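J.:
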Amino acid sequence: MKKIPFRLSPYQVQWLLIVGFVTVGYALYLRYLAIELSSVALACDAGLQTLACKSRAVATTLFKNSVFGATALVIGVLHVMRPSIVLLTGGLIAAGLGIVLYNIVLSGLAIGLLILGFARPAPATA
Numbered sequence: 001m002k003k004i005p006f007r008l009s010p011y012q013v014q015w016l017l018i019v020g021f022v023t024v025g026y027a028l029y030l031r032y033l034a035i036e037l038s039s040v041a042l043a044c045d046a047g048l049q050t051l052a053c054k055s056r057a058v059a060t061t062l063f064k065n066s067v068f069g070a071t072a073l074v075i076g077v078l079h080v081m082r083p084s085i086v087l088l089t090g091g092l093i094a095a096g097l098g099i100v101l102y103n104i105v106l107s108g109l110a111i112g113l114l115i116l117g118f119a120r121p122a123p124a125t126a
């Protein structure tokens with residue numbers, strides 16, 4: 001059985017760029033304007049019920065339990081076994097959130113596995 005190299009089309013690369021920038025941008029917003037900003041933290045801890053406070057609570061619960069990193073790692077392993085654009089997109093989202101939101105080790109390993117998904121034998125040329 002011949003393995004086909006996993007290559008992305010230009011449209012898929014553009015899709016991954018958009019998804020990556022949006023994911024990391026939202027994670028940076030959550031980290032610096034919702035989680036670490038003391039005025040927002042005090043208001044949310046006092047009982048304010050806004051979308052920012054709910055997002056803060058969900059993100060805090062998820063990164064305390066290493067959900068972003070573990071999800072990215074599982075998707076990275078699946079991507080190495082069977083590369084696809086769907087797995088690459090999901091892994092990019094989970095790893096992007098994990099890197100910015102304090103799950104650095106597991107998300108870093110997952111990014112390495114996502115890159116290894118491209119390591120397929122080159123087609124034979126005669």
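Position 47 of the sequence shown, counted from 1, bears residue number 47 in my numbering, the numbering being contiguous throughout.
Ideal Cβ positions, reconstructed from N, Cα and C, are used throughout, including at glycine.
All of these numbers come straight from a predicted model, not from anything done at the bench.
1. Kindly list the residues whose CB is nearer than 8 angstroms to the CB of T23, restricted to its own chain and excluding five residues on each side of it in sequence; keep chain order.
2. Tell me, to the nearest whole angstrom, how far the beta carbon of V127 is from that of L101; I am working on the premise that it is less than 8 angstroms.
3. Would N65 be called buried (16 or more neighbouring beta carbons within 10 Å of its own) or exposed?
4. Please go through the segment 54-103 and give each complete alpha helix (DSSP H) segment of 4 or more residues, from N-terminal end onward.
5. H79: which of L116, K54, R56 and I99 sits nearest, CA to CA?
6. Is there at least one non-hydrogen atom of the ligand GDP closer than 6 angstroms to the beta-carbon of D45?
7. Relative to the C-alpha of A57, which residue among S38, I75 and L30 is closest?
8. Assuming V40 and A52 form a contact by the criterion Cβ under 8 angstroms, report the distance between their Cβ atoms to the nearest whole angstrom.
9. G69: which of I99, T50, Q12 and T61 sits nearest, CA to CA?
T.: Taking the structure as given:
1. Taking the first residue of the sequence shown as position 1, residue 23 is located at position 23. If we look at T23 and ignore the five residues flanking it on each side, its Cβ neighbours are L92, I93, G96 and L97.
2. Beyond the ends of the chain as shown, which are 1 and 126, falls residue 127; an answer cannot be given.
3. The sequence position of residue 65 within the sequence shown is 65, counting from 1. Looking at its Cβ environment, which holds fewer than 16 other Cβ atoms inside 10 Å, N65 is exposed.
4. Correct list: 67-81 and 85-100.
5. Start at 1 with the first residue of the sequence shown, and residue 79 comes out as number 79. Of the candidates L116, K54, R56 and I99, the one whose C-alpha sits nearest the C-alpha of H79 is L116.
6. By its list of ligands, the structure shown contains no ligand whatsoever, and the ligand GDP lies outside what it can speak to.
7. Walking along the sequence shown from the start, residue 57 turns up at place 57. Taking only the C-alpha atoms, the option nearest A57 is L30.
8. Locating residue 40 in the sequence shown gives position 40, counting from the first residue. Locating residue 52 in the sequence shown gives position 52, counting from the first residue. That belief holds up - the Cβ atoms of V40 and A52 are roughly 7 angstroms apart, short of 8 angstroms.
9. Within the sequence shown, the letter at position 69 stands for residue 69. Per the Cα distances, I99.
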